[in-house]
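**Student:** Just so you know, the protein sequences line up as chains A and B, in that order. The numbering of the first sequence is my numbering, which starts it at 23 and goes up by one. The numbering of the second sequence is my numbering, which starts it at 32 and goes up by one. No residue lacks a Cβ here, since even glycine has one placed at the ideal position from N, Cα and C. Because the structure is a prediction, the values reported are computed rather than measured. Next up is a structure, given as structure tokens.
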Amino acid sequence: MSSEADVVKSGGSLAGLRSSGKPRTRANALKYEVATPKPWLVNTGRFAVFLIVLLIWEFGARTGLINAFFWSQPSDIARTWWAGVQTGAVWEDTMYTFRSTILGFLLGTAGGTLLGLSFWWSKYYARIFEPFVIMFEAMPKLALAPIIVLVFGIGIGSKIAMGFAITVVITTLTTYNGVRSVDRDLVRMVYSLGASRLQVFGKVIVPTAIPAMISALRINIGLALTGAIVGEYIGSERGLGRMIFYAGQTYEISLIWANIFNLSILSMLLYLLVGKLETMLLKGFTHQ
Amino acid sequence: MNSYKLELEDVSKTYRAADGSLVHALGPVTMRIPNHRFVSIVGPSGCGKSTLFNIISGLLDNSEGAIFVNSNRVDGLTGITGYMLQKDLLLPWRTILDNVILGLEIQGTPKREAKAKALPLLHKYGLKGFEHQYPAQLSGGMRQRAALLRTIMYDRDIILLDEPFGALDAQTRAMMQEWLLDLWDDFQKTILFVTHDMEEAIYLSDEVYIMTSRPGVIKRHLTINLPRPRKPQIVTTPEFTKLKEEALRTLSEETLKAYQQEAAV
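Below is the structure:
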């Protein structure tokens, strides 16, 4: 106590500190914090990085620094890809995977939403089924692929079932969490206006859960794609996953890369699509 | 029979707590409220005011006693009274107009008809220009207006207001009080008003009930015979001050008791 008071009274050490420090900040100290990067420069930079990686790869493969048998090389991959484009195989496989992904995504999201919402109806029903849902969520669904392909066959059905299995549980949990986050006073208020349980459900519970449901979309599209690809690995007539698996078995490394390229394009398109959908839905439903 | 709008006969509430013990939360409470009265209920925190409102509005069952509206027994029936809480509880995904018609919509009135009914009210009662905005775009006072209009639109003779202005700043609150008195007069409602603010209670009301700490029973019933319409300056007159002093003395005894109860636990 007394020593503190002494310091304050004399002001010695504090004053010393103040005079010894040189001014450290300049007027433009925040220059790097507030600057916005120029888009054209950023894009040029990105393209340059992409190009340099390809060039190093190609150069390495030609000089033998990189084993072209295992890694293939960009020129070879481009040729393989172009051949696929010309025969139309690329288009067919991509569309096949696209279809199974979208259908699995839609079914899984819709099914999960309905299940999640249904848990609101009865506390007993919710309590009884909750551990099973969580158990199923904890299980790696990809491990189910062999069974699913056995049951649903090597057609598109098994790919849709994979997409469904992998998205339905996470959507159920997300929606149920949304439902549970409902403001109880809001529910009380709507009841006080003489509402039936069904009206409370329609006017409060469903709208409350919508943001959670929307946030599930973006996750689900990636999951559904993964499900479809793994389904195609196990057994399929068509699809990008099947092509990649087949090319791996026959050591056609450039064909693997060409299909991975297609897969990346498909994946990006799907994300863009769902991103647009998400923005639209959010604008339409939430006004916080 | 008699001319009371709302009667509570020995209403009480006992519930079983999580640990199995019985908790006596409220009552017995008896009130007889004539038509078109403004009645305030003041009491220490946790005295069961909100429980009382939940029972009157039918959201909660009373353990004992009976509730009559227009001499008809209504215990456990919802949809008899309009109910508004401190939180505005507007649905954030609905515009103000859509929020205000919620009660009518639930009763099955077609939306278009409900909107046609609501628009003039929104215009008359200070929400012109806000009809198509969302709650998040409005100030607290404006949101409370919308919430109160929703209650009015629901068109019940009795309106329960549970600390409706509790979260507002003093100026907005004073404005809202005037606004509420206008509404009350225009629509000839019977209002039950819960507040912590004794001055607000006396200023607005015809009658003030002061409740004891838990289990809440009625400790005092004051009749406020100040002439209407009242001007805000009335709070400085000797008559008003005397009423307030008397009421506050009663209340502070109970608040102290409530505090000691809590400290003893």
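How about B/Gly-96 and B/Leu-108: are their beta carbons less than 8 Å apart?
**Tutor:** no
**Student:** Provide the residue span of the beta strand (DSSP E) that contains B/Ala-97, from first to last.
**Tutor:** Where B/Ala-97 is concerned, the enclosing beta strand (DSSP E) stretches over 95 to 100.
**Student:** Using a Cβ-Cβ cut-off of 8 Å, state whether A/Arg-149 counts as contacting chain B.
**Tutor:** No, no contact with chain B.
**Student:** Could you name the residues of chain A that B/Ser-170 contacts, counting a contact when the two beta carbons are closer than 7 Å?
**Tutor:** Ordered by position in chain A, no residue passes the 7 Å Cβ test against B/Ser-170, which lies about 16 Å from the chain.
**Student:** How do the segment 143 to 157 of chain B and the segment 182 to 200 of chain B stand: do at least 3 beta-carbon pairs fall below 8 Å, yes or no?
**Tutor:** Flag = yes, the segment 143 to 157 of chain B and the segment 182 to 200 of chain B touch.
**Student:** Assign A/Asn-281 to one of two classes, buried (16 or more other C-beta atoms within 10 Å of its C-beta) or exposed (fewer than that).
**Tutor:** buried
**Student:** Over what stretch of residues does the beta strand (DSSP E) that includes B/Lys-288 continue unbroken?
**Tutor:** Where B/Lys-288 is concerned, there is no enclosing beta strand (DSSP E), although the alpha helix (DSSP H) it sits in stretches over 269 to 295.
**Student:** Assess contact between the segment 273 to 282 of chain B and the segment 110 to 129 of chain B, defined as three or more Cβ pairs (one per stretch) separated by less than 8 Å. Is contact present?
**Tutor:** no
**Student:** Using a Cβ-Cβ cut-off of 8 Å, state whether B/Tyr-185 counts as contacting chain E.
**Tutor:** Note that chain E does not occur in the displayed structure, where the protein chains are A and B.
**Student:** So if I threshold CB-CB distances at 8 Å, which residues from the segment 224 to 236 of chain A count as touching chain B?
**Tutor:** Under the 8 Å Cβ criterion, the segment 224 to 236 of chain A contributes Lys-225, Val-226, Pro-229, Ile-232.
**Student:** For A/Ser-214, which residues in chain B fall below 7 Å Cβ to Cβ?
**Tutor:** Ser-88, Leu-90, Thr-109, Tyr-114
**Student:** Please say whether A/Val-191 and A/Glu-159 have beta carbons closer to each other than 8 Å?
**Tutor:** Yes, the Cβ-Cβ distance between A/Glu-159 and A/Val-191 is below 8 Å.
**Student:** When we look at the beta-carbon of A/Phe-92 and count the other beta-carbons within 10 Å, is it buried (16 or more) or exposed?
**Tutor:** exposed
**Student:** Which class does B/Met-32 belong to by DSSP, given the choice of helix, strand or coil?
**Tutor:** In this predicted model, B/Met-32 has a pLDDT of only 47, less than 50, meaning its place in the structure is not dependable enough to derive any value.
**Student:** Ignore the nearest five residues each way along the sequence and tell me which others in B/Val-70's own chain have a CB closer than 8 Å to its CB.
**Tutor:** For B/Val-70, where only same-chain residues beyond five positions count, the Cβ hits under 8 Å are Met-62, Ile-64, Thr-221, Ile-222, Leu-223, Phe-224, Ser-236, Asp-237, Glu-238, Val-239, Tyr-240.
**Student:** Taking Cβ-Cβ distances shorter than 8 Å, what residues in chain B pair up with A/Asp-207?
**Tutor:** Leu-116, Lys-118, Leu-120
**Student:** Count the other C-beta atoms from every protein chain shown that fall within 10 angstroms of the C-beta of B/Asn-130, then say buried if there are 16 or more, exposed otherwise.
**Tutor:** buried
**Student:** Taking the alpha helix (DSSP H) that A/Thr-248 belongs to, which residues open and close that run?
**Tutor:** Where A/Thr-248 is concerned, the enclosing alpha helix (DSSP H) stretches over 228 to 256.
**Student:** For A/Thr-197, is the classification buried or exposed, using 16 other Cβ atoms within 10 angstroms of its Cβ as the cut-off for buried?
**Tutor:** buried
**Student:** Pull the bridge partners of B/Val-239 from the DSSP assignment, please.
**Tutor:** B/Ser-71, B/Leu-253
**Student:** Quick one: grab the DSSP three-state call for B/His-154.
**Tutor:** Note: B/His-154 maps to helix in three-state DSSP.
**Student:** Please work out which residues of its chain come closer than 6 Å, Cβ to Cβ, to B/Ala-289, disregarding the five sequence neighbours upstream and downstream, and give them in chain order.
**Tutor:** Excluding its 5 nearest sequence neighbours in each direction, B/Ala-289 has C-beta neighbours in its own chain below 6 Å: Pro-75, Ser-244, listed in chain order.
**Student:** Among A/Ile-278, A/Met-211, A/Gly-263, which one has its Cα closest to the Cα of B/Ile-117?
**Tutor:** Note that residue 117 of chain B corresponds to Gln in the displayed sequence, not to Ile. The residue with the shortest Cα to Cα distance from B/Gln-117 is A/Met-211.
**Student:** Going along the segment 131 to 145 of chain B in order, which residues come within less than 7 Å of chain A, judged by CB to CB distance?
**Tutor:** So the list reads Leu-133, Gly-134, Ile-137, Gln-138, given in the order they occur along the chain.
**Student:** Decide if A/Leu-295 is buried, meaning its Cβ has at least 16 other Cβ atoms within 10 Å, or exposed.
**Tutor:** exposed
**Student:** Where does A/Met-184 land, buried or exposed, given buried means 16+ other C-beta within 10 angstroms?
**Tutor:** buried
**Student:** From A/Pro-96 to A/Leu-299, what does the alpha carbon distance come to, in whole angstroms?
**Tutor:** 35 Å
**Student:** Under 8 Å: do the segment 119 to 135 of chain B and the segment 206 to 222 of chain A share three or more Cβ pairs, one atom per stretch?
**Tutor:** yes
**Student:** Find the residues of chain A that neighbour B/Trp-215, judging by a C-beta separation of less than 7 Å, and give them in chain order.
**Tutor:** Going along chain A, no residue has its Cβ under 7 Å from B/Trp-215, so there is no contact; the nearest lies around 19 Å.
**Student:** Can the beta-carbon of B/Ile-132 be found less than 8 Å from the beta-carbon of B/Lys-142?
**Tutor:** yes
**Student:** Excluding the 5 residues preceding and the 5 following A/Thr-135 in the sequence, name in chain order all residues of the same chain whose CB lies nearer than 7 Å to its CB.
**Tutor:** Counting only Cβ-Cβ distances below 7 Å, and skipping sequence neighbours, we find Thr-193, Thr-197, Met-235.
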